[in-house]
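The structure appears right after this line, and notes come after that.
Protein chains in written order, with this note's numbering: chain R, 1 to 630; chain P, 1 to 150.
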């Protein structure tokens, strides 16, 4: 069938859905929705509408990004705007069918916002609510709106227009358009995409490869997962365009095995695109052929590094190779290879569905376009966001994220995962772009933003990342293999109260040495979390070393638990739950903790009923405080 | 060679580059990589046994001991860490009476901690038999595993 015919059919199907006389219900059913219970909501909706004899379309979508409000349900009913509801449980689903769909009485308290499709409404506009207003959704435009398993939905929303367009272009024209758009690699360092492509296009080789790096290994990031689950065709379209530009006939998506749903959706999308000849031999009747294969990662962080990823696809241990030669010249099986990140390739699809100028209207002079971030940690509105580059960290955390929950004080935000650094409160006004983040010692990275509050110990965070880097170090080069181990040992000493004041300088010296001496990006950036926390939170290191206390009350050896006598009613619950019998006291009398026996497991504090809240954690040790008083 | 294994091999061409997918498939079918399977894989791909072990021990996904009927993967990502994952791990270990990386003697339970399962907005979380358990608290863990207690 001719592609225009295919698109016409898709448009008819989509129009029928959004202008349908019968209601259409969309339920977010990505990983986040599922763990909040979306599958049960879908089942209930199906059951209840059947029971009431109500004819309607029930569809599953990806994640719209507001993970803290899942399960999210969106309903289109003729004569009403498209309405989004949050935290829908089983009973709410039944109510939505009976009171809203059958009796026109809406569930006002569950409404997040609406998309006005020409229908007047007093309800808030979804894109104007605080969490959405500063966002610009280009890459994520379809996530949570379309059914990711239905190619027609993608096609009806400008899908594969980019592919049709570029088949009339020369590769040079494509690269020129990407250059004009200002797109830079979204995986980390921000290398200009057009330049990378040019290297590969000009490299000599009878065969060239395109690889999409979807091995989202940064702990604290899930942008790629959400896109693959919610809109997999966007990635495929970007890959087809990139392959045409560099002259590749084979592409690989290297995706984490930890993302089972993303893999299912991706496989289906490849199959659908192949059936419509958008992938395969002589795409849409042109001379261009391109095939896409999936490689499942096997759990190695270092495989996010280009050359290690290539080794892994070749069936080897994921060990990085010295560069040069760069993969663009000699990569997979020694053939010219381009490796782009999911976000980069999805941005390419958007650029060609629209144009370079449209894309470059967003962002700053040097950092164009938008970036998706996983906003997580100690922040109220956790989820997936997309913002124009140049927005300040403050806007992201406080306007979109709603600030820190439970009245706690903001301490730092960690960007760039184990390769990045921690940015303190006083630097929150800096714009989010490649250069500004580098200046404060961190990187844009693939897009994890982990918010930390007063209860997060920065020395412990540094130790956590070093522990990660040390375990994930492939062991090939000595600075990384031995250096990260040394740094970890020192940090473990500090967090267990055995640190020396000279250790801080030693950590800095070691860190700078590892950065200079390591073979690949993992080692070159592994010290960043330590170096930035020393730079901005030196006082916390000093507290641990000199005063033997963890002010954030995290490091077990530098805190103690105690019972507040005025609050303790002698309910005896803590006594019974203590695994080492460190608590003494008779029922109905105040209890005590024997500090010598206490292993600081925290079980007593968890078990103490919230109405009493009689157990507290303090920095330092109890004996020391007593001595101070004398 | 077991029939299950020859069935797995029949899906592959026997090229060296298929080593990791073959290991993944064998583990999916058998639950773990037994010594005999490793030898068979080496023969099938015509590579030295050391190469098979080299790759298998490099990647975190592969295990050489059977896992429990109920497999718990605790997320140790950054978001989970700052939201109390260490305390959650302790609670799971207490509830099940085994440590991280271990399988219970009756092969009912096994615990593994993984770098990140990508459900950071639901931290702290764990995957129990491929189902994500979100926003865990020690109380919630106790509820999930109360059945396991003897």
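Think of the CB as a built atom: it goes at the ideal place given N, C-alpha and C, for glycine as much as any other residue.
Whose C-beta lies closer than 6 Å to the C-beta of residue i among residues of the same chain, with five residues either side of it excluded?
{"i": "residue 475/R", "result": "481"}
{"i": "residue 11/R", "result": "156"}
{"i": "residue 181/R", "result": "351, 356, 359 and 360"}
{"i": "residue 143/P", "result": "none"}
{"i": "residue 29/R", "result": "38 and 60"}
{"i": "residue 186/R", "result": "341, 343 and 344"}
{"i": "residue 117/P", "result": "75 and 127"}
{"i": "residue 259/R", "result": "225"}
{"i": "residue 496/R", "result": "557"}
{"i": "residue 639/R", "result": "Nothing about residue 639/R can be reported from this structure: the residues present for chain R run from 1 to 630 only."}
{"i": "residue 312/R", "result": "303 and 318"}
{"i": "residue 414/R", "result": "422 and 450"}
{"i": "residue 540/R", "result": "458 and 459"}
Provide the residue(s) that pair with residue i in DSSP beta bridges, ordered along the chain.
{"i": "residue 250/R", "result": "209/R and 291/R"}
{"i": "residue 84/R", "result": "74/R and 113/R"}
{"i": "residue 363/R", "result": "368/R"}
{"i": "residue 103/P", "result": "110/P"}
{"i": "residue 241/R", "result": "Answer by DSSP bridge pairing: none, since residue 241/R is not bridged."}
{"i": "residue 74/P", "result": "113/P and 126/P"}
{"i": "residue 619/R", "result": "559/R"}
{"i": "residue 125/R", "result": "114/R"}
{"i": "residue 214/R", "result": "255/R"}
{"i": "residue 57/R", "result": "24/R"}
{"i": "residue 154/P", "result": "Chain P is shown only over 1 to 150; residue 154/P falls outside these bounds and no answer can be derived."}
Residues in its own chain within less than 7 Å of residue i by CB, not counting five upstream and five downstream?
{"i": "residue 46/R", "result": "58"}
{"i": "residue 305/R", "result": "320, 520, 521 and 522"}
{"i": "residue 614/R", "result": "563, 564, 567, 568 and 608"}
{"i": "residue 438/R", "result": "none"}
{"i": "residue 587/R", "result": "570 and 572"}
{"i": "residue 136/R", "result": "362, 370, 386, 387 and 388"}
{"i": "residue 467/R", "result": "488"}
{"i": "residue 1/P", "result": "40"}
{"i": "residue 92/R", "result": "107 and 110"}
{"i": "residue 89/P", "result": "74, 100 and 113"}
{"i": "residue 7/R", "result": "155"}
{"i": "residue 63/R", "result": "28, 30, 32, 33, 143, 144, 226, 229, 230 and 384"}
Under 8 Å by Cβ, that's how I've got residue i and residue j pegged, so tell me the actual separation to the nearest angstrom.
{"i": "residue 213/R", "j": "residue 254/R", "result": "6 Å"}
{"i": "residue 320/R", "j": "residue 520/R", "result": "4 Å"}
{"i": "residue 424/R", "j": "residue 392/R", "result": "Going by Cβ atoms, the distance from residue 424/R to residue 392/R rounds to 14 Å, so no, they are not a contact pair."}
{"i": "residue 545/R", "j": "residue 507/R", "result": "Incorrect: roughly 11 Å between the Cβ atoms, too far for contact."}
{"i": "residue 95/P", "j": "residue 44/P", "result": "In fact, because the Cβ distance is near 41 Å, the residues do not count as touching under 8 Å."}
{"i": "residue 418/R", "j": "residue 462/R", "result": "Between residue 462/R and residue 418/R the Cβ distance is about 11 Å, and since that is not below 8 Å, they are no contact."}
{"i": "residue 55/P", "j": "residue 23/P", "result": "7 Å"}
Who are the Cβ neighbours of residue i in its own chain at under 8 Å, not counting the five residues just before and after it?
{"i": "residue 629/R", "result": "Caution is warranted here: a pLDDT of 40 is assigned to residue 629/R, below 50, making its placement in the model unreliable, and no coordinate value can be reported."}
{"i": "residue 27/P", "result": "33, 61, 62 and 63"}
{"i": "residue 121/P", "result": "79"}
{"i": "residue 193/R", "result": "178, 183, 184, 185, 340, 344 and 348"}
{"i": "residue 257/R", "result": "263, 296, 297, 298 and 299"}
{"i": "residue 98/R", "result": "48 and 52"}
{"i": "residue 150/P", "result": "Bear in mind that a pLDDT of 49 at residue 150/P, under 50, signals an unreliable position, so the number given afterwards is only what the model happens to contain. Closer than 8 Å at the Cβ level, and outside the excluded window around residue 150/P, lies no residue."}
{"i": "residue 396/R", "result": "134, 373, 375, 385, 387, 432 and 449"}
{"i": "residue 138/R", "result": "347, 350, 359, 362, 369, 370 and 386"}
So is residue i in contact with chain C if we call contact Cβ pairs under 9 Å?
{"i": "residue 257/R", "result": "No chain C appears in this structure, whose protein chains are R and P."}
| message | If the cut-off is 8 Å on Cβ atoms, which residues from the segment 112-130 of chain P count as contacting chain R, listed in chain order? | response | 114, 115, 116, 117, 118, 119, 120, 121, 122, 123, 125 and 130
| Near-chain P residues of the segment 436-456 of chain R (beta-carbon distance less than 9 Å), N- to C-terminal order | 448, 450, 451, 452, 453, 455 and 456
| query | What residues from the segment 88-101 of chain P come within 9 Å of chain R, judged by C-beta to C-beta, listed N to C? | reply | 90, 91 and 94
| said: Going residue by residue through the segment 312-384 of chain R, where are the continuous alpha helix (DSSP H) segments of at least 4 residues, counting only ones entirely within it? | reply: 342-353 and 356-360
| query | Going along the chain, which unbroken runs of the alpha helix (DSSP H) with 4 or more residues stay wholly within the segment 381-462 of chain R? | reply | 434-439
| request: Note down, in chain order, all residues in the segment 275-305 of chain R with a beta-carbon under 7 Å from any beta-carbon belonging to chain P. | output: 296, 298, 299, 300 and 301
| query | At what residue ranges does the segment 11-65 of chain P contain a whole run of the alpha helix (DSSP H), taking only runs of 4 or more? | reply | 19-30, 35-45 and 49-58
| query | Which residues, in order along the segment 495-512 of chain R, keep a beta-carbon less than 7 Å from a beta-carbon of chain P? | reply | none
| Can you list, in chain order, the stretches of the alpha helix (DSSP H) that have 4 or more residues and sit fully within the segment 492-568 of chain R? | 502-517, 521-525 and 528-546
| task | Name, going along the chain, the residues of the segment 354-385 of chain R whose beta-carbon falls closer than 7 Å to a beta-carbon of chain P. | result | 374, 376, 377, 378, 382 and 383
| For the segment 25-50 of chain R, which residues have a beta carbon sitting closer than 8 Å to at least one beta carbon of chain P? | 31, 32, 34, 35 and 36
| task | Could you name the residues of the segment 34-47 of chain P whose beta carbon sits closer than 8 Å to any beta carbon of chain R, in the order they occur along the chain? | result | none
| said: So if I threshold CB-CB distances at 9 Å, which residues from the segment 311-338 of chain R count as touching chain P? | reply: 312, 313, 314, 315, 316, 317, 318, 319 and 333
| request: Starting from the N-terminal side, write out each stretch of the alpha helix (DSSP H) that is 4 residues or longer and does not extend beyond the segment 118-185 of chain R. | output: 151-155, 161-166 and 171-181
| said: Any C-beta of chain P within less than 8 Å: which residues of the segment 210-223 of chain R qualify? | reply: 216, 217, 218, 219, 220, 221 and 222
| query | Which residues, in chain order, does the segment 582-611 of chain R contribute to contact with chain P at a C-beta distance below 8 Å? | reply | 601, 602, 603 and 606
| request: With 8 Å as the limit, tell me which residues of the segment 564-581 of chain R have their beta carbon closer than that to any beta carbon of chain P; keep them in chain order. | output: 579
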